[in-house]
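Residue numbers (this note's numbering): 2 to 267.
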């Protein structure tokens, strides 16, 4: 997956792990704002979760912003990397493949239930050698809970075509850019019709829908970094803060300030 390097990221080493000693292994780590792991793959599934803070992950030709109520399911062998948008308590699960796992073979964002979040915390603080039976029971409970989590469709598809990637990266960096397909076509060396057709084929979305999703995810990123809704509305190209608040409420079910107050702090 071709992935532009975001300015300001500081890469940290991926912790070495050669094999999974149990069907489920929890690993926790603190990530400071702007730290991220380089692109890598695992020989097992991964559930990317932050108990506090907000993460940005790129995996499976999409970008995701993950809040503490959510987690990203990354199947075995998927190239991915994760970074912290603000100081985050990074906690994730490594999950072995199995015929009864019942999880998707593609990346999905999950809404974690309170029960599963507590099970992850309990597994992380349990030492297997001290109580192997209890640890095995936690593994069984977690694998039973995983397929019961509600799946989200809120992610930002990322194309594979190099021209489309340059276009999407430009819009990602300047989400207030309102230039049309006709404006971009000569800059990217394609006709408007060809550009629009390829964009929809590779992302599964029309440009207008993709831009709305982009603005929502950028809003979540910037809210997590402490920017005010008024500043964010301007940076996203909205005519007023009320127009931005309306979009955010429709998509998230709450205002930007309500979302910020409801988010666990690091």
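Note that beta-carbon positions come from the ideal geometry of N, C-alpha and C, so glycine has one too. The model shown is predicted, which means the values in this text are computed figures rather than measured ones.
Item, Value
"Buried/exposed call for residue 17, threshold 16 Cβ in 10 Å", "exposed"
"Cα-Cα separation, residue 139 to residue 99", "16 angstroms"
"Cutoff 7 angstroms; reference residue 44; Cβ partners in own chain excluding five residues on either side", "77"
"Neighbourhood of residue 235 by C-beta distance below 8 angstroms, restricted to the same chain and skipping five residues each side", "177"
"Burial state of residue 149 (16 or more Cβ within 10 Å)", "exposed"
"Counterpart residues of residue 112 in DSSP-defined beta bridges", "71, 151"
"Through-space distance from residue 107 to residue 152, alpha-carbon basis", "12 angstroms"
"DSSP-derived helix/strand/coil call for residue 48", "strand"
"Where residue 12 sits in the DSSP three-state scheme", "strand"
"Residue 239 classed as buried or exposed, judged by whether at least 16 other C-beta atoms fall within 10 angstroms", "buried"
"Pairwise C-alpha distance: residue 173 and residue 215", "7 angstroms"
"Length of the line joining the Cα atoms of residue 144 and residue 191", "47 angstroms"
"Residue 36 (DSSP reduced to helix, strand or coil)", "strand"
"DSSP bridge partner residues for residue 57 (one or two, in chain order)", "66, 84"
"Among 227, 169, 39, the one whose alpha carbon lies nearest that of residue 81", "39"
"Through-space distance from residue 121 to residue 129, alpha-carbon basis", "14 angstroms"
"Assigned secondary structure, residue 30 (DSSP; H/G/I helix, E/B strand, else coil)", "strand"
"Residue 222 versus 11, 88, 167, residue with shortest Cα-Cα distance", "88"
"Residues that residue 232 bridges to, as DSSP identifies them", "BP columns for residue 232 are empty, so no partner."
"N-terminal and C-terminal residue of the alpha helix (DSSP H) that residue 128 is part of", "Counting along the chain, residue 128 falls outside any alpha helix (DSSP H), and DSSP gives it neither H nor E."
"CB-CB length for residue 94 against residue 25, believed under 8 angstroms", "6 angstroms"
"Residue range of the unbroken beta strand (DSSP E) whose run includes residue 243", "Taken as a continuous stretch (DSSP letters only), residue 243 belongs to no beta strand (DSSP E), being part of the alpha helix (DSSP H) at 242-253."
"CA nearest to the CA of residue 206, picked from 103, 169, 55", "169"
"Identity of the residue in 132, 111, 104 nearest residue 73 by Cα", "111"
"Assigned exposure category for residue 227 - 16 Cβ within 10 Å defines buried", "exposed"
"Alpha carbon of residue 49 to alpha carbon of residue 259, nearest angstrom", "24 angstroms"
"For residue 135 and residue 160, the rounded distance between their alpha carbons", "44 angstroms"
"Coil, strand or helix - residue 207 by DSSP", "coil"
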